[in-house]
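Engineer: Protein chains in written order, with the working numbering: chain A, 246 to 601; chain B, 509 to 929.
Each residue gets a CB set at the ideal place from its N, CA and C atoms; glycine is no exception.
I have a structure I would like to understand better, so I am pasting it below and will then ask my questions one at a time.
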């Protein structure tokens, strides 16, 4: 009976929108099986965490009120009065951090497996834009509770932007909505976080996933010799679902046992408390800027640091177009060396940032 | 070269010293350079070492001649210390109050230095025991110099001053603790030892709390006099305002005056005023009520009732605090509980003050207010603690559910793989 109704509905929709080619495509879609297949799941986990962000973010929007006089208070209300408000907020915060973590894992796995190569240059490029947008999500969302740590971290963060020659100051003014970090900055960051960034992110994400679907999964070199695949439906899909559930369980564990702290309300007139640090994924940049001398030759240390990061970021985004070709494998491959240097640099600087 | 050195010294000085210090130092240096009294007496080494760094008078442009008269512009001792030129020299002890009062009692003169400065010190002094005795010819008593020193007198706000609050007890003790000096006055000489052990003394001398009273805060400074029977309560009530108000309205006030009992002192002592405890009221071992009241009388019964109400409140308040600690230990939200306990603590302070009304009903009424707040805090804490366990149970159930799904999915994938093989 139910099956009959289902078939009728499908036939009705299919007649109008021609679903059959899509279903045919999906059923014929295969995923390569080799020793690096595990990395294929990283994008899926990131997508799952993004969906979690959207759902919990919408739930938080029901009660969150932006503004210097209401943001912290509404967060307090969410945490103390709203049913399961603490859980939703904690999941949102933890999932944001895990999402950035998995974006990095996904990016480095793509880099080391050379999946960015022709014809997937634009997939890599859209992925890089998604990484930048994720960091933007993190930076803008950090300020929204309007607590002491977030306030001063945003002050420091936007100060750094202001150092960029020529365009730095105008960008800083646009970000802050004035000269200083105030309630105007908060409403601005709120607009970035809940409207602008999600809109852009969703479009780029759609394009990114579309590219992956259209071109299929990248196969490692020499794969064609001993080709082994598994169907996307149901084999890969079920494995993906399994991993998503494990990640959900980890998220719940973190949210319950390590709930995210709200801290003290931001007071623009109080001195900055000791130990102000940005989010962990910005620490390597922050620490680098701290370690560069005040002046390097004729250029200011901070300016040099920021320009170096901009150049490095641009070079990283354009990797598919300048890749150093080599048939060497492992540590002797120049691209592997570049990737390892970048990864080790990020890890070491982050450790120094937390321990110094 | 020398000019360069001179300029660099001046500039270094300007950088190192804040504005007022610099201006004062400039005045002092100029005075010392031009004033023959200072330069000559310094040479003879009969002035205190570094007295120009201490003395407020010198720093404000008043040199030796300002007090002792004479002509400081002359370097001839006979001319500069000529009585015809107003030279007074060293004043007799009995004349010191007038000697200082020449300026300090002149409001027009003193106003030029400090618009709000008091100028009634000499007038007050002659109302004090010290002043009265000095007038009658007893030169052993304290006059201005005894407390403020003669030369090198810093401002009273200066920590080096003998009359800086932290230094007052030891300054008074110089005479009052000297049994030989005090011989004949028939007053004890152990005030300092007692005071140093008191709640006031510990706060001032050990915790450096300048808000805590020193000798002068109870006895007066220039008009120093021992408080009388009625004035004792006013002395304590100067700071402990509410305690005095409740006491004055209490049934104890009248009999105290009639029986000539010092109000506060009777229970709390004087000089060695101890830290109070709830046990002081009631009929227990620490009780001060039982010193006068015995079982069966109305006062005994009232003390018992007040103690019961108070200790009941304190025990509920303590339970609320224990619960709060548990909530904090579990990392749950404690803000509302903290607010409630703050209010309850305020009520507790008020209740302890209200015990001075010696009226059980009033105390009981107040404790109910505090008990209510404490119970609300306990209830809120209970909710937070149960929420803590609820969260863990909820997580346990969710994990179980997800884990079952994960296992089921795992076996499904495995069986699919086997089927394919």
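1) For the segment 859-872 of chain B against the segment 749-767 of chain B, do three or more pairs of beta-carbon atoms, one drawn from each stretch, fall closer than 8 Å, so that the two count as touching?
2) Restricting to Cα atoms, I'd like to know which of B:724, B:692 and B:591 is closest to residue 672 (chain B).
3) Should the segment 383-393 of chain A be called in touch with the segment 309-316 of chain A, which here means at least 3 C-beta pairs below 8 Å?
4) Taking a cut of 8 Å between CB atoms, which residues from the segment 480-491 of chain A lie near chain B?
5) For a quick check, are the C-beta atoms of residue 355 (chain A) and residue 369 (chain A) less than 8 Å apart?
6) Taking buried to mean at least 16 other C-beta atoms within 10 Å of its own C-beta, is residue 546 (chain B) buried or exposed?
7) In chain B, which residues lie less than 7 Å from residue 324 (chain A) when you measure between Cβ atoms?
8) Quick one: complete beta strand (DSSP E) runs, 3+ long, within the segment 260-348 of chain A?
9) Give the range of the beta strand (DSSP E) segment to which residue 462 (chain A) is assigned.
10) Just the chain A side, please: which residues come within less than 7 Å of residue 920 (chain B) by C-beta, in chain order?
11) Cutting at 7 Å between CB atoms, please list the residues of its own chain near residue 825 (chain B), excluding the five before and the five after it.
12) Within 10 Å of its beta-carbon, does residue 249 (chain A) have 16 or more other beta-carbons around it, so buried, or fewer, so exposed?
13) Decide yes or no for the touch test of the segment 780-799 of chain B against the segment 811-819 of chain B: beta carbon pairs closer than 8 Å, at least 3 of them.
14) Around the C-beta of residue 841 (chain B), are 16 or more other C-beta atoms found within 10 angstroms, so that it is buried, or is it exposed?
15) Using the Cα positions of residue 914 (chain B) and residue 296 (chain A), report the straight-line distance between them to the nearest angstrom.
16) When you compare the CB positions of residue 311 (chain A) and residue 435 (chain A), do they come within less than 8 Å of one another, or not?
17) Does the beta carbon of residue 293 (chain A) sit closer than 8 Å to a beta carbon anywhere in chain B?
18) Which runs of the beta strand (DSSP E), 3 residues or longer, sit entirely within the segment 490-545 of chain A?
19) Going by beta carbon distance, what residues of the same chain come within less than 6 Å of residue 567 (chain A), once the five residues before and after it are set aside?
20) Quick one: does residue 343 (chain A) have its CB under 8 Å from some CB of chain B?
21) Relative to the alpha-carbon of residue 539 (chain B), which residue among B:573, B:686 and B:764 has its alpha-carbon at the smallest distance?
22) Going along chain A, which residues have a C-beta under 9 Å from residue 898 (chain B)?
23) Alpha carbon to alpha carbon, how far is residue 497 (chain A) from residue 341 (chain A)?
24) To be precise: take each residue of the segment 544-571 of chain B, compare its Cβ to all Cβ atoms of chain A, and keep it if any distance is under 9 Å. Which residues remain?
25) For a test of the three-state rule: what should DSSP assign to residue 735 (chain B), helix, strand or coil?
26) Going by Cα to Cα distance, which pick from B:608, B:619 and B:584 is closest to residue 633 (chain B)?
27) If you measure from the beta carbon of residue 494 (chain A) to each beta carbon in chain B, is any gap under 8 Å?
28) Sort B:707, B:773, B:761 and B:758 by Cα distance to residue 734 (chain B) and report the nearest one.
29) Of all the options B:606, B:622 and B:548, which has the alpha carbon lying nearest to the alpha carbon of residue 653 (chain B)?
30) Taking 8 Å as the cut-off, decide whether the C-beta atoms of residue 337 (chain A) and residue 291 (chain A) are in contact.
31) Since residue 393 (chain A) and residue 508 (chain A) should fall inside the 8 Å C-beta cutoff, what is the C-beta to C-beta distance between them, to a whole number of angstroms?
32) Quick one: which chain B residues come within Cβ less than 8 Å of residue 498 (chain A)?
33) Please confirm if residue 290 (chain A) has its CB atom under 8 Å from at least one CB of chain B.
34) According to DSSP, simplified to helix, strand and coil, what is residue 447 (chain A)?
35) Is it the case that the segment 445-465 of chain A contacts the segment 357-371 of chain A, given that we only count it when at least three CB pairs across the two stretches are under 8 Å?
Structural biologist: In brief:
1) yes
2) B:724
3) yes
4) 480, 483, 484, 486, 487, 490 and 491
5) yes
6) buried
7) 841
8) 275-277
9) Neither: residue 462 (chain A) is in no beta strand (DSSP E) and is coded neither H nor E.
10) 483
11) 852, 856, 878 and 882
12) exposed
13) yes
14) buried
15) 20 Å
16) yes
17) no
18) none
19) none
20) no
21) B:573
22) Residues of chain A passing the Cβ test: none, with the nearest at roughly 10 Å.
23) 13 Å
24) none
25) coil
26) B:608
27) yes
28) B:773
29) B:606
30) no
31) 6 Å
32) 903 and 907
33) no
34) helix
35) yes
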